[in-house]
């Protein structure tokens with residue numbers, strides 16, 4: 041989400057972007073991410089931006105010569121919980137009011153509470169949020185650790201074994217497990233079959249890196265570690281603890297630690313990576329403590345601001 045003199049950029053609103061506009065917005069996001077060291081959009085927004093059927097409001101800011109100087113995405117699917125907002129400004133067009141103009145466009149377009157993410161906790165985003173009356177409501181930390189350092193031991197509880205996720209066969213059982221494991225999570229616990237399918241279709245998806253812990257006696261899944269590999273031209277490859285969950289009935293069994301170790305070993309030995317990252321909510325003090333004991337350190341924060 042920068043303050044400056046009023047911009048001369050033209051801000052336009054639409055409910056649907058043309059394919060060329062989608063490509064422009066994605067290119068702008070990559071450019072800003074490279075400049076800031078943190079991507080301006082999370083995965084959810086990127087998936088929706090590329091989906092022509094996704095319900096959203098799009099705001100674009102353009103200079104007099106037509107250059108796309110800024111973009112804001114409004115996710116309107118759950119207005120009661122708050123309209124999700126993510127906003128980016130071209131690095132070469134900052135401090136000239138573009139961010140503020142887009143933010144005002146957001147306020148004019150939204151009816152109801154707003155939830156706005158500032159990825160990387162950029163100072164200009166914080167200043168703009170305060171100016172517009174937003175409250176700092178939530179912090180999501182990105183943690184990192186080297187895979188070249190000693191990894192924790194993979195010691196599964198008795199009666200539990202690991203296997204790869206089987207798309208199609210495991211979908212329903214995994215969604216139920218995910219809902220139980222993240223019952224209190226504002227986003228992850230509400231995944232639908234469509235949410236899962238769109239990610240299974242992503243180019244990065246690798247079933248061998250989606251590890252499922254199952255009871256040997258029943259075949260019932262009790263935990264999982266879904267890994268991901270980020271590969272972008274000009275950037276070093278890095279692994280991610282994409283989603284890690286344990287059934288509440290298996291808490292305090294050591295399964296979470298064993299699943300973490302199994303995924304890290306997979307990323308190091310099978311994907312030949314030397315570093316890994318993950319995201320964890322600041323309020324989840326237990327998970328933060330676990331990951332820090334496993335050698336992870338805080339890399340950067342992502343802040344959620346709320347209005348209304």
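In my numbering, the protein residues as written are 41 to 348. C-beta atoms are modelled at their ideal positions from N, C-alpha and C, and glycine is treated no differently.
What are the residues that DSSP puts in a beta bridge with residue i?
i, result
"residue 324", "DSSP, once it has assigned bridges, lists no residue as partnering residue 324."
"residue 180", "321, 342"
"residue 117", "BP columns for residue 117 are empty, so no partner."
"residue 111", "100, 128"
"residue 278", "270"
"residue 186", "315"
"residue 52", "100"
Measuring alpha carbon to alpha carbon, tell me which residue in the options is nearest residue i.
i, options, result
"residue 256", "200, 239, 280, 213", "200"
"residue 153", "110, 183, 115", "115"
"residue 214", "202, 224, 236, 165", "236"
"residue 111", "197, 121, 131", "131"
"residue 125", "147, 72, 297", "147"
"residue 56", "88, 67, 47", "88"
"residue 336", "327, 342, 344, 343", "327"
"residue 49", "66, 101, 73", "101"
"residue 319", "219, 332, 253, 288", "332"
"residue 307", "266, 338, 341", "266"
If you draw a straight line from the alpha carbon of residue i to that of residue j, how long is it in whole angstroms?
i, j, result
"residue 281", "residue 314", "14 Å"
"residue 42", "residue 188", "Residue placement at residue 42 is flagged as unreliable, the pLDDT there being 44, under the threshold of 50; a coordinate-derived value is accordingly withheld."
"residue 198", "residue 270", "33 Å"
"residue 140", "residue 168", "7 Å"
"residue 53", "residue 275", "33 Å"
"residue 150", "residue 325", "33 Å"
"residue 117", "residue 94", "9 Å"
"residue 246", "residue 228", "20 Å"
"residue 273", "residue 343", "27 Å"
"residue 321", "residue 179", "6 Å"
"residue 51", "residue 107", "12 Å"
Beta-carbon separation of residue i and residue j under 8 Å?
i, j, result
"residue 191", "residue 304", "yes"
"residue 195", "residue 298", "yes"
"residue 69", "residue 128", "yes"
"residue 262", "residue 290", "yes"
"residue 264", "residue 204", "no"
"residue 347", "residue 173", "yes"
"residue 208", "residue 78", "no"
"residue 317", "residue 184", "yes"
* Asked: Which whole runs of the alpha helix (DSSP H) in the segment 196-266 are 4 residues long or more, in chain order?
  -> Within the segment 196-266, the complete alpha helix (DSSP H) runs of at least 4 residues are 211-221, 233-240.
* To do: Counting only runs of 3+ residues fully inside the segment 146-170, write out the beta strand (DSSP E) ranges in chain order.
  => 154-159
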